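Peer 1:
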Amino acid sequence: MTDRMTPPPALGCRSAPVLKQRGQREVFCGLTGIIWLHRKMQDAFFLVVGSRTCAHLLQSAAGVMIFAEPRFGTAILEESDLAGLNDAHAELDREVETLLARRPDIRQLFLVGSCPSEVIKLDLSRAAERLTQLYAPKVRVLEYSGSGIETTFTQGEDACLASMVPVLPATQERNLVVVGALPDVVEDQMLSLLADLGVGPVQVLPARTIDADVAVGPNTVFALTQPFLSDTHAALIRRGARHLAAPFPLGEEGTTAWLAAIASEFGVTQDTFDTVTEAPRRRARQAVAQAAEALDGKSVFFFPDSQLEIPLARFLTRECGMRAVEVGSPYIHDEIHGPDLDLLPAGPQISEGQDVDLQLDRCRAARPDLTVCGLGLANPLEAEGLSTKWAIELVFTPVHFYEQAGDLASLFARPLRRKRILNGPALEAAQ
Ligand code: SF4
């Protein structure tokens with residue numbers, strides 16, 4: 001199924017030594033996932049059980065919603081809660097009762113833990129069970145942690161989806177579940193490609209509403225669209241489903257390889273595969289080539305942040321002509337990241353975890369043309385003359401599958417073009 005694809009490098013990075021470091025980390029908290037998840041799940045509400053800091057983070061990250069009633073909120077833990085003076089469970093019950101009475105459209109309620117709720121050891125799983133009994137079958141109450149104590153910002157989505165897996169209906173049917181929250185327009189493109197290939201039935205987790213028939217069982221196979229879904233991956237395997245390991249659908253090559261893994265599982269012929277993918281592949285290649293002019297020959301350094309780093313490094317090196325200096329990821333799972341590591345040409349330092357000061361030293365020594373990092377590091381590095389790309393933008397922007405491949409390359413090209421314009425042609429000539 002993949003014979004018309006660029007061959008893998010003679011030596012990939014799957015068996016390369018990994019630099020593992022643990023120290024101070026610069027990452028965003030898992031509550032961030034609510035910003036894209038609440039848009040995706042139209043009948044869900046995310047109730048963060050947290051402090052005013054958590055409420056401010058959500059408000060400023062999401063922007064203030066003036067015209068629509070938002071589908072997230074914060075049950076504020078006051079100082080007396082934190083001091084153990086109040087019965088936080090009784091207060092949470094009251095909050096939920098008021099919310100559900102006011103918002104009959106809510107069918108799924110997620111209680112989202114935070115640093116403060118974890119510090120006072122508020123047992124949200126007990127609360128979710130109690131509230132499910134109270135409000136079933138109209139409302140399903142689940143819980144997960146978005147705490148920033150030990151997580152990266154994309155783990156919020158992973159924890160949310162993993163919390164849904166145990167309550168998915170069981171099936172004996174052979175089906176494909178595609179896992180990962182994508183913007184609706186991108187999800188529709190993907191479903192249309194799979195339908196054209198004749199693959200089905202296909203379900204998506206998270207579904208847009210609770211009524212969607214996502215079911216899982218021993219004949220289910222699943223494909224991930226995001227590389228940060230390791231807990232969801234483990235939860236689906238516990239339910240008997242089988243993972244279709246593949247590179248992630250970023251760029252023309254990643255999308256083709258991802259579709260090829262599914263096509264091969266479902267017995268799609270090479271002819272059908274070529275007929276369905278030929279035109280979008282060509283469009284993607286042309287769009288990437290145009291955007292990649294600014295990237296060709298440039299070096300890139302990834303700080304660990306979104307967990308998208310490995311597939312992005314594969315895309316930038318193999319499709320855009322960049323050279324990866326270091327590819328840092330918060331976590332590396334062989335089953336999930338292995339296929340992308342196979343395609344990533346040997347050379348870059350692969351690192352897992354972070355000791356931020358040591359990593360900054362390596363970055364300054366390498367002086368890459370482009371550094372992909374979190375918001376906290378971007379400004380200081382820009383001040384030192386390094387061009388940066390915010391990792392978080394890659395999660396908020398539609399970047400998956402063929403039609404977005406050119407936009408993905410453009411996201412990385414933009415800071416380099418901006419620098420070229422700011423520096424002017426004279427400085428560039430002198431370099
Ligand atoms: S969960 Fe923790 S890191 Fe995130 S906003 Fe709340 S206090 Fe801050």
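The opening residue of the sequence shown carries number 1 in UniProt numbering; numbering runs sequentially from there. Glycine included, C-beta positions come from ideal geometry on N, C-alpha and C. Note that this is a predicted model, so its numbers are computed, not measured.
(1) Residue 220 lies in the beta strand (DSSP E); which residues open and close that run?
(2) Can you tell which of 190, 217, 292 and 272 has its C-alpha closest to the C-alpha of residue 258?
(3) In whole angstroms, give me the CA-to-CA distance for residue 432 and residue 255.
(4) Decide if residue 274 is buried, meaning its Cβ has at least 16 other Cβ atoms within 10 Å, or exposed.
(5) Which whole-angstrom value describes the C-beta separation of residue 177 and residue 235, a residue pair presumed to lie in contact below a C-beta threshold of 8 angstroms?
(6) Between the Cα of residue 169 and the Cα atoms of 194, 128 and 214, which residue gives the shortest distance?
(7) List, from N- to C-terminal side, the beta strand (DSSP E) runs of 3 residues or more that fit wholly inside the region 184–260.
(8) Between which two residues does the alpha helix (DSSP H) harbouring residue 160 extend?
(9) Return the CA-CA distance between residue 41 and residue 209, expressed in angstroms with no decimal places.
(10) According to the Cβ coordinates, are residue 112 and residue 161 closer than 8 angstroms?
(11) Going by C-alpha distance, which of 260, 25 and 308 is nearest residue 223?
(12) On a Cα-Cα basis, can you pick out the residue from 354, 38, 35 and 198 that is closest to residue 269?
(13) Measure from the alpha carbon of residue 72 to the alpha carbon of each residue in 88, 78 and 55, then state which is nearest.
(14) Rounded to whole angstroms, what is the Cα-Cα separation between residue 376 and residue 265?
(15) Going by other Cβ atoms of all chains shown within 10 Å of its Cβ, with 16 needed for buried, is residue 228 buried or exposed?
(16) According to the Cβ coordinates, are residue 287 and residue 319 closer than 8 angstroms?
(17) Let me know the secondary structure DSSP gives residue 264 once reduced to three states.
(18) Tell me whether residue 374, by its Cβ, gets closer than 7 angstroms to a heavy atom of the ligand SF4.
(19) If we call anything under 8 angstroms between Cβ atoms a contact, is residue 422 one with residue 12?
(20) To the nearest angstrom, how far is the alpha carbon of residue 226 from that of residue 75?
(21) So, residue 251 versus residue 405, is the Cβ gap smaller than 8 angstroms?
(22) In chain order, what residues of the same chain lie with their CB nearer than 6 angstroms to the CB of residue 154, ignoring the 5 residues before and after it?
(23) Could you tell me the alpha carbon to alpha carbon distance between residue 194 and residue 401, rounded to whole angstroms?
(24) Quick one: does the C-beta of residue 116 sit closer than 7 angstroms to a heavy atom of the ligand SF4?
Peer 2: Let's see:
(1) To locate residue 220, count along the sequence shown from 1; it is residue 220. That run of the beta strand (DSSP E) goes 220–224.
(2) Along the sequence shown, one-based indexing puts residue 258 at 258. Residue 190 is the option with its Cα nearest to residue 258.
(3) This structure does not reach residue 432, given that the chain is present from 1 up to 431, and the question cannot be answered.
(4) Within the sequence shown, the letter at position 274 stands for residue 274. By the 10 Å Cβ count, residue 274 comes out exposed.
(5) Here residue 177 corresponds to residue number 177 of the sequence shown, with the count starting at 1. Here residue 235 corresponds to residue number 235 of the sequence shown, with the count starting at 1. Their Cβ separation, rounded to whole angstroms, is 12 angstroms, which puts residue 177 and residue 235 out of contact at 8 angstroms.
(6) On the sequence shown, residue 169 is found 169 positions in, with the first residue counted as 1. Looking at the Cα atoms, 214 is the closest of the given residues.
(7) 202–205 and 220–224
(8) On the sequence shown, position 160 is the one that residue 160 refers to. From DSSP, the alpha helix (DSSP H) with residue 160 extends over 155–164.
(9) Within the sequence shown, the letter at position 41 stands for residue 41. Within the sequence shown, the letter at position 209 stands for residue 209. Straight-line Cα distance between these residues: approximately 6 angstroms.
(10) Reading the sequence shown from its first residue, position 112 is the one you call residue 112. Reading the sequence shown from its first residue, position 161 is the one you call residue 161. Going by C-beta atoms, residue 112 is not nearer than 8 angstroms to residue 161.
(11) In the sequence shown, counting from the first residue as 1, residue 223 sits at position 223. Cα-wise, what sits closest to residue 223 is 260.
(12) As a position in the sequence shown, residue 269 is number 269, starting the count at 1. For residue 269, the closest of 354, 38, 35 and 198 by C-alpha to C-alpha distance is 198.
(13) The residue labelled residue 72 in the question sits at position 72 within the sequence shown. Nearest C-alpha to residue 72: 55.
(14) Counting from 1 along the sequence shown, the entry for residue 376 is found at position 376. Counting from 1 along the sequence shown, the entry for residue 265 is found at position 265. Cα-Cα distance, rounded: 42 angstroms.
(15) The sequence position of residue 228 within the sequence shown is 228, counting from 1. Classification for residue 228: buried.
(16) Looking up residue 287 in the sequence shown gives position 287. Looking up residue 319 in the sequence shown gives position 319. The answer is no: Cβ separation not under 8 angstroms.
(17) Numbered from its first residue, the sequence shown carries residue 264 at position 264. The answer is helix: DSSP assigns residue 264 an H, G or I state.
(18) As a working note, residue 374 is residue 374 in the sequence shown. No, Cβ of residue 374 sits at least 7 angstroms from all heavy atoms of the ligand SF4.
(19) Counting from 1 along the sequence shown, the entry for residue 422 is found at position 422. Counting from 1 along the sequence shown, the entry for residue 12 is found at position 12. Result no, Cβ atoms of residue 422 and residue 12 do not sit closer than 8 angstroms.
(20) One-based indexing of the sequence shown puts residue 226 at position 226. One-based indexing of the sequence shown puts residue 75 at position 75. Residue 226 and residue 75: Cα-Cα distance of roughly 29 angstroms.
(21) Reading the sequence shown from its first residue, position 251 is the one you call residue 251. Reading the sequence shown from its first residue, position 405 is the one you call residue 405. Yes, the pair counts as a contact, with Cβ atoms nearer than the cut-off.
(22) Working through the sequence shown from its first residue, we reach residue 154 at position 154. The residues are 228, 306 and 307.
(23) Reading the sequence shown from its first residue, position 194 is the one you call residue 194. Reading the sequence shown from its first residue, position 401 is the one you call residue 401. Cα to Cα, residue 194 sits roughly 12 angstroms from residue 401.
(24) Walking along the sequence shown from the start, residue 116 turns up at place 116. True, at least one ligand heavy atom lies under 7 angstroms from that Cβ.
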